[in-house]
Amino acid sequence: MAKIASAGNYGPKIRSDCMVTIELTDSGGIQIELISKVKNYFGDHIISLAQKELAFFGIENTKVKIEDQGALDFVISARIEAALKKADNTISKSYLPEMKEHCKYKTAKERLRRSRLYLPGGSPKLMLNAGLHGSDGIILDLEDSVHPDVKDSARILVRNALRTIDFKNSERMVRINQLPIGFEDIKEIINENVHVVLIPKCESKQQVTDIDTYIKKLKKDKSPVFLMPIIESAKGVINTYEIASSCDNVVALALGLEDYTADIGVMRSKSEKECFFAKSMVVNAAKAAGVQAIDTVFSDVGDMDGLYENVKQAKAMGFDGKGCIHPRQIKVVHEAFLHTKEELVKAQQIVDAYNTAKKEGKGVVSLGSKMIDPPVVKQAQHILKMAKVGGMI
Amino acid sequence: MKKADKFMKNAAGRLVPTIVNGKPVIPFQGVNKYRPTHKGAAPRVPTCIDYPKDCNKIVDSLKEALIKSGLKDGMTISTHHHYRNGDYVANRIFDIAAELGVKDLIWAPSAAFPCHAPIIKHLESGVVHHIEGSLNGPLGDFCSHGKMKGLGYLRSHGGRYRAVADGELHIDIAVLAASAADMMGNANGVLGKHPFGPVSFSRVDSKNADRTLVVTDTLIDFPCYPWDIMGNDVDFVVVVDEIGDPEQIVSGTTRITKSPDRLLIAEYAAKFVDAAGILKDGMNFQAGAGGTSLAFVDFINKMMTEKGIKARSLIGGSTKYLVDMMNNGRTDYIFDGQTFGLEAISSLRDNPKHIPIDIFDIYDFHAKGNLVQMMDVIVLGSTEVDVNFNANCVTHSDGRMLHGIGGFQNCMMAKCTMIAVPSFRDRIPVIKDEVTTLVAPGELVDVIVTERGIAINPLRNDLIEATKNSGLPIRDIKDIKAEIDDMCGIPAKPKLSDEAVAVVEWVDGTILDTVRKVEE
């Protein structure tokens, strides 16, 4: 059993985080040392928070050092729990902060998923204001942005974040690790009103149904947790349709091109033409299964014009959304997904014609001399709905 | 002599001294309530026949110039801060004073910077008695802990100008760094090897000090023109190797922020300006050189370009961003009191529509009207604000002195004054029930913009009406505060003693608030 362990981050450039080091001792009671840039304001508060948490875990003798750069309570608390569990792996209880009312909102299977903002699961600073930038979804990432050594700590932090931070109606998503570690992620976070679980490097129907079954087993209330498999390999691309149609809770199929290009042995280019097949497969499989298709991230955060063009292209191919790695990308993505005025006028004409035909009891909808098929009406209705959400009409 | 004595409650409800460093002062009486009736400063009357016939006033060293100027115990010495954190002159003055065994000097800089930390040893040894000017960094800490012998006296840029011109702040010797000067003392900041921009803060010193010294590292042939400082106001000229490090002028703040939250604040501020109907052809505005302000300028610039409109004038501190705007036809004029970066300095020197301004023209409460009153909108930063829209830019929430007032108070006279701040920093809420130090009365702060929403002062019903259907997140300030308090927790009150360490002067010369000693 490790007697000394630490969790968290501390340094001159770290903000809103802390490093907690715990030494479990046999005697001497509880000793807490606090180094904090907000000590004058929150020193007593942080000490008493730590004392309460240690008492909850039944710790009677320990030396605790908290090096703090303005971390909020849920962060300090997560770091203490992580350090404690690392020092004594027999501890299994969870010290849960109160679930705030603003964390309890629901999502819907059908909703806009134009943008989703990736947030590294180990960096509280980026989480705090993430909801202010208006993305359709936020992703608390436990996979690639979290170093393998700190997965446990990040999991606890993400759990606490889900109970505390107001993400302002963004859909609450978590990207888990590949199985089997992904199961541990699910266990920790699944009852924290997670709306969507992102499944990385998904290659088969089996992976999706295993996760769906596991979630249903652990979920305390019966509200569904939606799934978004991410296709990031040649095999995944070949199996897109079986993945997209694997279970009812799949709401979208996403594409990850960094890993995909590595897998097929090419360099990723700006035009992404080497990914054309993968993109087409994802769009087609998603639409065939009746779910949304979500495009990969655009990694040059300084190039907003490039992003706009890239998203325009994705939209033209049939994608419904785009991953974002910086908050400033969100607005550009939303703008690029908006329909043009001509598209809107046309869509409105089609919907009006449909409504008129319905009122008059006609089975056939026509606009001018053209017959309008039902899928075209559905698409027009969808365009108007998107435009309304996007503030265009 | 007590540093501060005979305290009373002023019109803002703050307990302030009526005697500061042995001199009587007037407590704040309310916004626009106080008008002095006396005549202004009466400088020493010189006679030209007492000066060299050929007007060559060069002496061998700063030491000689100070001795010849009659440096003695208790004098007030002034400097300017155009070199910001790269100034070499002020430290040198007090090193010389220490060598000469002079005591109890008062330093009256237009602002002090962390590079002036060496003056702490002169404050400790008694060479310098106290500072009348901005206190921040190491000097702010020193004063905050009550270690300065006299009381700190904090004035805005306009307030300092006023105090010197009104005769309240008498300067015995002004030591003015200039990037170029001639033998007579004509001097400026745009020529020479280390240019810094206009000499905006110091003309008042050169006109009113008993003795005026020009210190330069580039001596040029007569005439040195433009002559921001005029040779016929100058007693001695000193040539040194280096007067400052221009690299340190731009250090820190003069780039557009990359922080997504601050960009969001700047975007809200810009959209608010548009929604309120302020963004229109011929508008005038000021935005500082901080990261958020520059982002605001960037957003405004884009909106103006989209709409095809143009401002009549902008007020700096100018940066390359403002210069680009003028070069791209987005403003007719730039008024500039402080210049950041070589692009801006060459624009100021070479473009007649980039106009250097004296602090009197823009900020002085006793000018017969000033430029800032004509500004349609001004965006400022702040350390704290409160639910009554009062603002603090001087102290941190723990009472420690962080910044000078700068133009903060003076800018309150604009048609729409906006404060753009994050709603919390390091879990410390920026919106308080009551600011720790009152620097600007709430009735003058029109809008507070945070990343969580925009709060409009209830006194500005016109702005409330104009923006009510804008779709912007306009919220009650108490509502934003409640959200932040819930997120961050409520911080403990700072531990401050009753002992005063500095006073904050309002633009009219009255005492607005007291800064108290910080207890560790």
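Residue numbers (this note's numbering), protein chains in the order written: chain D, 9 to 401; chain F, -12 to 507.
Glycine included, every Cβ here is placed at the ideal spot set by N, Cα and C.
#### Entry: Local conformation of F:ARG503 per DSSP, three classes
strand
### Query
Residues of chain D with CB under 7 Å from F:PRO316, in chain order?
Here residue 316 of chain F is Gly; the residue named in the question, Pro, does not match the sequence. Within chain D, no residue comes near F:GLY316; the closest Cβ sits about 22 Å away, beyond 7 Å.
### Query
Leaving out the 5 sequence neighbours to the left and right, which residues in its chain are closer than 8 Å to F:ASN78 when beta-carbon positions are compared?
Non-local C-beta neighbours of F:ASN78 in its own chain, meaning closer than 8 Å and more than five positions away in sequence, comprise CYS102, HIS103, PRO105, ILE106, ordered along the chain.
#### Entry: Continuous alpha helix (DSSP H) stretch holding F:LEU110: start and end
106 to 112
### Message
Which runs of the beta strand (DSSP E) at least 3 residues long sit entirely within the stretch 205 to 275 of chain D? Give them in chain order.
### Response
234 to 239, 260 to 263
### Task
Give a yes or no on whether the minimum CB-CB distance between F:ILE415 and chain B is below 8 Å.
Reference to chain B is not applicable here, since the protein chains of this structure are D and F.
### Message
Along the stretch 29 to 57 of chain D, where does the CB come closer than 9 Å to a CB of chain F? Name the residues.
### Response
LYS45, VAL46, ASN48, TYR49, PHE50, GLY51, ASP52, HIS53
### Residue burial classification, D:VAL28 (beta-carbon count within 10 angstroms, cutoff 16)
buried
### Query
Is the beta carbon of D:PHE175 less than 8 Å from the beta carbon of D:GLY139?
yes
### Task
Name the residue from D:PHE345, D:MET325, D:ALA361, D:ALA293 whose alpha carbon lies nearest to the alpha carbon of D:LYS396.
Out of D:PHE345, D:MET325, D:ALA361, D:ALA293, D:PHE345 has the C-alpha closest to the C-alpha of D:LYS396.
### Task
Report all residues from its chain with a CB closer than 8 Å to the CB of F:LYS59; omit the five preceding and five following residues, and keep chain order.
VAL89
#### Entry: Coil, strand or helix - F:GLY316 by DSSP
Residue state, collapsed to three classes: coil.
### Task
Anything in the stretch 319 to 348 of chain D with a Cβ closer than 8 Å to a Cβ of chain F? List those residues in chain order, please.
HIS334, PRO335, ARG336
### Task
Please report how far the alpha carbon of D:VAL385 lies from the alpha carbon of D:SER254, in whole angstroms.
Roughly 28 Å separates the two Cα atoms.
### Query
Since D:LEU80 meets chain F, which of its residues come closer than 9 Å, beta carbon to beta carbon?
ARG414, MET474, CYS475, GLY476
### Query
Which partner residues of D:PRO128 appear in the DSSP bridge assignment?
D:ASP149
### Task
Mind listing the chain D neighbours of F:PRO247? Cutoff is C-beta to C-beta under 8 Å, in chain order.
Those are ASN137, HIS141, HIS334, PRO335, ARG336, listed as they occur along chain D.
### Task
Use the C-beta contact count for D:MET9: other C-beta atoms within 10 angstroms, 16 or more gives buried, fewer gives exposed.
Residue placement at D:MET9 is poorly supported in this model, since its pLDDT is 49, which falls under 50; the coordinates are not used for a value here.
### Task
Check whether the stretch 213 to 228 of chain F touches the stretch 40 to 53 of chain F, counting contact only when three or more Cβ pairs, one atom from each stretch, lie closer than 8 Å.
yes
### Query
Using a Cβ-Cβ cut-off of 6 Å (strictly less than) and excluding sequence neighbours within five positions of F:LYS180, which residues of its own chain qualify?
In chain order, THR205 place their CB closer than 6 Å to the CB of F:LYS180, counting only its own chain and leaving out the 5 sequence neighbours on each side.
### Task
Return the residue from the list F:LYS289, F:ILE332, F:MET361, F:GLY324 that minimises the CA-CA distance to F:VAL310.
F:ILE332
### Message
Against chain F, with Cβ distances strictly below 8 Å, would D:GLN77 count as a contact?
### Response
yes
### Message
Using beta carbons (cut-off 8 Å, strictly below), is D:ARG23 in contact with chain F?
### Response
yes
### Task
Grab me the residues of D:ILE12's own chain with a C-beta within less than 6 Å of its C-beta, minus the 5 sequence neighbours each way, in chain order.
GLU31
### Task
Using the DSSP secondary-structure output, state which residues sit across from D:GLN39 in a beta bridge.
D:GLN39 is bridged by DSSP to D:LYS71.
### Query
Going along chain D in order, which residues have a C-beta closer than 8 Å to the C-beta of F:ASP385?
Those are ASN48, TYR49, listed as they occur along chain D.
### Query
If we ignore side chains and look at the alpha-carbon of each, how far apart do D:LEU42 and D:ASN48 end up?
11 Å
### Task
Out of D:ARG163, D:SER161, D:ILE164, D:LEU127, point me to the one whose CA is closest to D:ILE146's CA.
D:LEU127
### Query
Taking DSSP as the reference, what is the three-state secondary structure of D:SER7?
With chain D covering only 9 through 401, there is no way to say anything about residue 7 of chain D.
### Query
If we count the other Cβ atoms within 10 Å of its Cβ and call it buried at 16 or more, is F:SER334 buried or exposed?
buried
### Task
Indicate whether F:HIS69 and F:VAL186 have their beta-carbon atoms separated by less than 8 Å.
yes
### Task
For my contact list, D:SER185 and D:LEU150 are in at a C-beta cut-off of 8 Å; report their separation, rounded to the angstrom.
Note that residue 185 of chain D is Asn in the sequence shown, not Ser. Contact holds; Cβ gap of about 6 Å.
### Query
Is it buried or exposed for D:GLU379, if we count other Cβ within 10 angstroms and need 16 for buried?
Note on residue identity: the sequence assigns Met, not Glu, to residue 379 of chain D. Answer is exposed; the Cβ neighbour count stays below 16.
### Query
Any contact of the stretch 49 to 57 of chain D with the stretch 160 to 170 of chain D, i.e. 3+ C-beta pairs under 8 Å?
no
### Task
Any chance you could list the alpha helix (DSSP H) runs of at least 4 consecutive residues sitting entirely within the stretch 54 to 120 of chain D, in chain order?
81 to 95
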